[in-house]
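J.: Numbering (the working numbering), first residue to last: 81 to 427. The following block contains the structure, expressed as structure tokens.
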Ligand SMILES: NC(=O)c1ccc[n+]([C@@H]2O[C@H](COP(=O)([O-])OP(=O)(O)OC[C@H]3O[C@@H](n4cnc5c(N)ncnc54)[C@H](O)[C@@H]3O)[C@@H](O)[C@H]2O)c1
């Protein structure tokens, strides 16, 4: 099948493309490289540099390529930044989806749409685990922008027969098993790459809060390996294509269980055989103590079960991508010569 992957040069999009090409699909990545990287693209993936908000360009790409499905990964995703620059988020994350739906509506052949949503649509959960139809009270413009985009999907499905599925993920993590692609955000706000960076001589890690009502006092989150996410997208697209025209579906992609910040740190220490320099800081405003997904729909309807999301595999693939063992080995050699640690974060 032919897939147009908007935001394909980003972390999750690039892993999706590797998975889709391995399954025999043809991919075209459309990306403005605002946060993505050309070098993360699979060598067999075609690339068009373009902006989702340039609807004329997008229309032409759809006309020329005639995809069977469009995968939308193109969004800004920094919660903190969204609080101070909400316009940037509503423009890219909401108007981008609106324009895309209009372009699909005008297309001769209507592709289905697979949309990256987020658990941020829920805000503070009333109950756990979080299932698809639980109350949504997003607490920041990022979460609101994802929910607004989901409303658009719903209304365009009803009015114009555009089929879509919103996949809400919790915490994407890990890297491709080959070690060729992985997480590369700037700034990096996600826990796992920051734990790894601190063990490789980067800034010491800040752990926000150790007084939560959890067994070890730190936050608990649902971590799903990015390759599992990629597979989940393919399965969701196939499922969507088998449905009657004009449906809007939503599924949670997660593991259904939580891992604490300290458990992540301990796993990195175990695998790197180094201690992670970290300090406990005050809780961040609005950080829920525990978040994890109810994956019943994913398992029973999509018949999908993550297979790469053990904490051990998440950390080992992420460390492989970041070159942690090579870095530590080099650090040891340097220490051997000079008697003191000479680490740089640039490896
Ligand atoms: N990373 C996570 O843990 C996580 C969790 C939940 C949801 N999500 C969602 O998944 C999606 C992908 O996240 P990611 O971590 O891969 O982010 P990313 O920043 O690595 O990737 C986003 C990609 O979209 C591109 N892009 C952004 N705006 C664009 C535009 N206007 N036109 C063309 N390209 C544009 C960027 O250049 C980048 O390549 C986002 O929608 C995000 O909200 C991510």
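We put the CB at the ideal spot given by N, CA and C, even for glycine.
My guess is that residue 90 and residue 115 are in contact by the Cβ rule of under 8 Å, so how many angstroms apart are they, rounded?
T.: 6 Å
J.: I need the straight-line Cα distance from residue 427 to residue 376, nearest angstrom please.
T.: Interpretation of residue 427 is limited by its pLDDT of 25, a score under 50 that renders its predicted location unreliable; no figure is taken from the coordinates.
J.: With DSSP as the reference, label residue 144 as helix, strand or coil.
T.: helix
J.: Can you tell me whether DSSP reads residue 421 as helix, strand or coil?
T.: Summary for residue 421: the model assigns pLDDT 33, below 50, so the residue's position carries little reliability; its value from the coordinates is reported in the next sentence. Three-state DSSP puts residue 421 in coil, outside helix and strand.
J.: My guess is that residue 262 and residue 256 are in contact by the Cβ rule of under 8 Å, so how many angstroms apart are they, rounded?
T.: 7 Å
J.: Excluding the five sequence neighbours on either side, which residues of its own chain have a C-beta within less than 7 Å of the C-beta of residue 81, listed in chain order?
T.: 105, 148 and 149
J.: Applying the 10 Å Cβ sphere with the 16-neighbour rule, what's the burial state of residue 356?
T.: By the 16-neighbour rule on beta-carbons within 10 angstroms, residue 356 is buried.
J.: Taking just the CA atoms, how far does residue 251 sit from residue 122?
T.: 23 Å
J.: Just verifying my parser: in three-state terms, what is the DSSP assignment at residue 303?
T.: In this structure, DSSP gives residue 303 an extended state, which the three-state scheme calls strand.
J.: Could you check whether the Cβ of residue 178 sits closer than 7 Å to any heavy atom belonging to ligand 1?
T.: no
J.: Please name the residue, chosen from 394, 373 and 278, that lies closest to residue 359 on a Cα-to-Cα basis.
T.: 278
J.: On the CB-based measure, 16 or more other CB atoms within 10 Å of its CB, does residue 334 come out buried or exposed?
T.: When all chains shown are included, residue 334 counts as buried.
J.: At which residues does the beta strand (DSSP E) containing residue 261 begin and terminate?
T.: For residue 261, no beta strand (DSSP E) run applies, since DSSP gives it neither H nor E.
J.: Would residue 321 be called buried (16 or more neighbouring beta carbons within 10 Å of its own) or exposed?
T.: exposed
J.: Which residues mark the beginning and the end of the alpha helix (DSSP H) in which residue 168 is found?
T.: 166-169
J.: Alpha carbons only, please: which of 367, 259 and 299 is nearest the one belonging to residue 95?
T.: 259
J.: With distance defined between alpha-carbon atoms, name the residue in 83, 120, 141 and 336 nearest to residue 379.
T.: When the alpha-carbon of residue 379 is set against those of 83, 120, 141 and 336, the nearest one is in 336.
J.: Rounded to whole angstroms, what is the Cα-Cα separation between residue 386 and residue 136?
T.: 38 Å
J.: For residue 281 and residue 342, I'd like the C-alpha separation in whole angstroms.
T.: When rounded, the distance between both Cα atoms is 19 Å.
J.: Only counting the same chain, and skipping five residues up and downstream in sequence, which positions put a Cβ closer than 7 Å to that of residue 328?
T.: Excluding sequence neighbours, residue 328 sits near 233, 234, 237 and 244.
J.: Given a threshold of 16 other Cβ atoms within 10 Å of its Cβ, counted over all protein chains shown, does residue 185 qualify as buried or as exposed?
T.: Flag for residue 185 reads exposed.
J.: For residue 118, I'd like the list of residues in its chain whose CB is within less than 8 Å of its CB, leaving aside the five on either flank, ordered along the chain.
T.: 89 and 127
J.: Give me the Cα-Cα distance between residue 421 and residue 351, rounded to the nearest whole angstrom.
T.: Only weak support exists for where residue 421 lies, its pLDDT of 33 falling under 50; the value from the coordinates is given anyway. When rounded, the distance between both Cα atoms is 20 Å.
J.: Does the segment 154-169 come close enough to the segment 204-218 to have 3 or more Cβ pairs within less than 8 Å?
T.: no
J.: Classify residue 419 as buried or exposed, calling it buried when 16 or more other Cβ atoms lie within 10 Å of its own Cβ.
T.: Its pLDDT being 33, under 50, residue 419 is placed unreliably by the model, and the measurement read from it follows with that caveat. So residue 419 counts as exposed.
J.: What residue does the alpha helix (DSSP H) around residue 372 start on, and which one ends it?
T.: It is not in any alpha helix (DSSP H) - residue 372 carries neither H nor E in the DSSP assignment.
J.: Between 140, 396, 242 and 201, which has its C-alpha nearest residue 223's C-alpha?
T.: 201
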